Structure formats: C-alpha cells, structure tokens
Amino acid sequence: MATMPVRAWTYTNGYPKTLKLSKTTVPTENDVQPNHVLVKIATCALNPVDIQMMNMPKWNLPFGNYGNEKTTVMDFAGTVVASGSDNFKEGDQIFGLSLTPFVPAGGALAEMAHFNLATTPAVKKPSQWSEEKAAAISLVWLTAKACIDAVAPFVEKTSTKRVAILGGSSATGIYSTILAKRKGWKVVATSSAKNRDFILNNLKADSHVDYTTQPVRRAVSAFDPDAVIDCVGGTECIALPSSKRYITIVGDKTGRTMMGGPATYYDYLHPYYAVAQWLRWARGQYGSGESYDVVILGPKKEWLEEAKSTLGEEDIYVDSVHTFGDAKKAFERLNTGRAKGKVVIRVSEERSRL
C-alpha cells in the first residue's frame with residue numbers, strides 16, 4: 001500500500017511528557033481501504049479522554065508495539081479526500097468521532113487521517129455549522145444522549161421530573177442540560193459562580209449551585225432531584241434521599257488523568273474505587289439503593305444525525321480555538337478544568353466562520 005507523510009501530533013507513553021509535533025503516514029488517495037475514509041482534517045476538539053488515553057498504563061509495557069508513536073484526539077471535522085465507502089464521496093464535509101485514535105493514522109490531531117467507519121461514527125456536516133463547531137459536538141453529544149437515556153425511565157415516571165447535573169458548564173453537562181430542558185424536565189446544575197449566568201440564562205436551568213461556596217450535597221438535595229447525572233466525578237451526591245437513579249461518566253475518582261467511564265469498574269490501580277462502584281451497582285440492581293451505573297457514550301450515527309436537526313450554531317459552545325502549532329496550549333487549557341464548552345484546534349490553515 002502506497003503511503004504519504006503528513007504532520008501530526010503523536011505520543012508514545014504519556015501526556016504531557018511524550019506529546020510532540022511529528023509525522024505519520026496515511027494511504028494515498030488510490031489506496032484507501034474498504035469502509036475507510038481519507039479525510040483532510042479542518043478542525044478537531046479536545047476531550048479529557050484524549051489525555052486519559054495517552055496515559056493508559058499499557059503504553060508502558062516493554063513488549064509488543066506499545067511504545068510506538070501514536071496519533072491522538074477523537075473529535076473532528078474535515079473534508080473527504082477519498083472514500084472506500086458508499087456513504088461518502090470525495091468533497092463531502094463531515095464530522096464525527098474516532099473511537100480508536102491510537103491506531104495508525106486514526107487520530108484527528110493531524111493534517112490527514114484514515115478513519116475506519118466501523119469505529120468512527122461520522123455524518124455529513126450541516127452547511128450552517130462552522131468547522132469549529134462541527135468538531136465540538138460528537139463525543140459530548142453522544143455522551144449526553146447516553147446519560148439522558150439512562151435516567152429517562154426513572155425521571156419520566158415521576159410527577160416532578162427533576163434532575164441534577166453535576167458539572168453543568170462542562171461540555172457534557174451543557175448538552176445534558178439542553179436535552180433535559182427540551183424534555184420539559186426541571187434542572188439544577190452545579191458550576192462555579194462565574195458560570196452561573198450561563199447556566200441559568202443560556203442553558204435555561206431552573207436552579208444553580210455554586211460548588212465553590214455552597215455545601216453541594218445539601219443544596220442539590222434541597223432541589224429533590226429524581227435522578228443525578230454526574231459529569232465531574234466523586235461521591236458527594238450519591239444516595240440523595242429523593243434520587244432513584246445515579247449516572248456518572250467519571251466514576252468515584254476526580255483526577256483528570258485517569259480513565260473514566262465503565263473502565264473504572266476494572267481499575268486495578270485504584271481498587272478501592274472499583275470495589276465501591278461494584279458494590280453500589282449491585283445494591284441498586286437488587287433494590288437496596290438507588291440505581292447506579294457508570295456510562296459511556298453511545299456511538300450511534302443516528303444520534304449524530306439527530307444533533308444536526310436539533311442543534312443550531314447558537315447551541316454549540318466553543319471555549320477557545322487554537323492553532324495546530326499551539327496544540328500543547330490547547331491541552332493545557334483543557335486540563336485546567338475551567339473550559340466552558342469545547343477547546344478546539346484548527347488544523348488546516350484555511351479559515352471558516354465561527
């Protein structure tokens with residue numbers, strides 16, 4: 001298979017120490033594999049899981065190819081250069097999510113990528129969305145959809161229809177709030193004081209809790225939520241008196257460098273968290289406590305299609321846009337935990353509106 005070199009940010013075994021601007025190779029236009037697309041990346045967006053993937057312990061194993069340079073970043077928007085699928089053709093502008101950014105040419109923080117559509121839910125970009133905003137939506141929208149679906153059976157059967165969203169100004173928290181409000185639910189969301197107006201006026205949450213000055217558990221409990229969606233981690237709001245369902249995308253841990261999602265059930269490096277989560281889940285399954293689970297995004301193309309018809313540009317929040325050469329600064333911004341919306345990197349030199 002003929003290949004060509006492209007610039008890419010790569011790593012071997014950890015962020016930030018091994019992240020560097022380097023090169024990778026992608027197939028030429030005539031050598032795109034079946035059910036793959038060769039994409040010129042316009043923009044990509046960062047997520048905490050990008051850092052967590054770079055810090056996975058297995059990259060330090062002394063055998064196999066774990067120490068090889070790998071590409072990174074999951075969320076992308078770009079233009080199809082060549083397609084091995086009937087779903088897309090040359091020139092299509094698309095956006096989506098690479099679930100395997102660490103495979104050769106599978107990451108979006110590169111000038112071009114060769115995406116396997118079996119592990120890359122992607123759809124055509126609406127003409128009214130900028131490339132920056134298109135890159136910002138896939139992972140958080142799919143995660144928020146999974147969270148709302150997980151609590152909906154518990155919330156919908158109540159007369160109060162109240163949900164608490166911990167981390168309301170986080171990217172997943174934003175879209176969880178939007179989806180909950182569009183279902184007609186009442187929402188209390190937590191954030192720092194500086195995001196209070198954003199939570200109440202932009203997202204239309206019904207109540208706000210400032211986690212920096214208020215006792216979070218007491219303040220959230222006073223709202224009497226029927227369910228809790230946790231986008232930040234920790235255990236502060238588990239087993240509230242009114243809650244019948246607790247969903248977290250992070251687990252008990254609060255560190256940003258450790259992998260979240262269902263992988264935390266099997267975190268041998270932090271066995272206390274893993275055992276506590278299993279016991280909590282089991283109690284909920286047998287009816288001796290609130291229903292508990294750690295969830296992950298639903299990689300469904302139909303959900304991305306739904307985003308196109310549901311969200312206007314005004315509903316997609318971008319915290320900041322960085323140049324390709326300043327990718328490390330973009331990761332630093334993400335790692336502060338203070339971004340309001342998505343941190344985006346413009347990969348191509350061509351500009352589009354934001």
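Quick note: the sequence shown uses the UniProt record's numbering, first residue 1, plus one each step.
The beta carbon of each residue, even a glycine, is placed where N, CA and C say it ideally should be.
These numbers come from a predicted model, not from an experiment.
Continuous alpha helix (DSSP H) stretch holding residue i: start and end
i	result
Asp149	Ser138 to Glu156
Asp50	Pro48 to Met54
residue 355	Nothing can be reported for residue 355, as the shown portion of the chain is limited to 1 through 354.
Pro5	Here Pro5 belongs to no alpha helix (DSSP H); instead the beta strand (DSSP E) covers Thr3 to Tyr11.
Pro299	Careful: Pro299 lies outside any alpha helix (DSSP H) and carries neither H nor E.
Lys133	Glu131 to Ala135
Arg280	Pro271 to Gln285
Val250	It is not in any alpha helix (DSSP H) - Val250 carries neither H nor E in the DSSP assignment.
Val216	Val216 to Ser221
Identity of the residue in the options nearest residue i by Cα
i	options	result
Glu349	Asn116, Val318 and Ala110	Ala110
Ser98	Gly298, His322 and Asn195	Gly298
Met53	Pro16, Lys125, Ala118 and Thr24	Pro16
Asn335	Trp9, Ala2, Ile51 and Val39	Ile51
Ile148	Ile247, Glu305 and Lys157	Ile247
Ala222	Lys204, Ser243, Asp267 and Thr213	Ser243
Ala105	Pro5, Arg218 and Lys20	Pro5
Tyr273	Leu142, Val250 and Ile174	Val250
Presumed contact (8 angstroms Cβ cut-off) between residue i and residue j, rounded CB distance
i	j	result
Leu269	Pro57	7 angstroms
Val209	Val188	6 angstroms
Met1	Asp31	5 angstroms
Trp185	Val155	6 angstroms
Tyr11	Thr100	At roughly 15 angstroms, the Cβ-Cβ gap does not stay under 8 angstroms, so Tyr11 and Thr100 are not in contact.
Lys342	Ala136	4 angstroms
Cβ-Cβ distance between residue i and residue j below 8 angstroms
i	j	result
Ile229	Asp315	no
Phe95	Ala77	yes
Gly289	Ala239	yes
Asp252	Ala282	no
Val294	Tyr265	yes
Asn13	Gly67	yes
Val220	Thr254	no
Ala45	Val344	yes
residue 355	Ile296	Because the chain here runs from 1 to 354, residue 355 falls outside it and cannot be looked at.
Asn35	Asn116	yes
Thr3	Thr25	yes
Glu29	Ala82	yes
Glu305	Val39	no
Range covered by the beta strand (DSSP E) that runs through residue i
i	result
Gly78	Asp75 to Ser83
Gln33	No beta strand (DSSP E) holds Gln33; DSSP gives it neither H nor E.
Gln93	Gln93 to Leu97
Arg182	No beta strand (DSSP E) holds Arg182; the alpha helix (DSSP H) holding it covers Ala171 to Arg182.
Thr100	Looking at the DSSP string, Thr100 is not in any beta strand (DSSP E), and its letter there is neither H nor E.
Pro27	Lys20 to Pro27
Ser320	Val318 to Thr323
Beta-carbon proximity list for residue i, same chain, < 6 angstroms, skipping 5 on both sides
i	result
Pro153	none
Cβ-based neighbour list, residue i, same chain, cut-off 7 angstroms, excluding 5 preceding and 5 following
i	result
Thr235	Asp252
Gln128	Glu313
Ala327	Trp9, Leu109 and Ile345
Other residues of its chain near residue i: CB distance less than 8 angstroms, five sequence neighbours each side excluded
i	result
Leu354	Note that Leu354 has pLDDT 42, beneath the 50 cutoff, so the model's placement of it is unreliable and no number is given.
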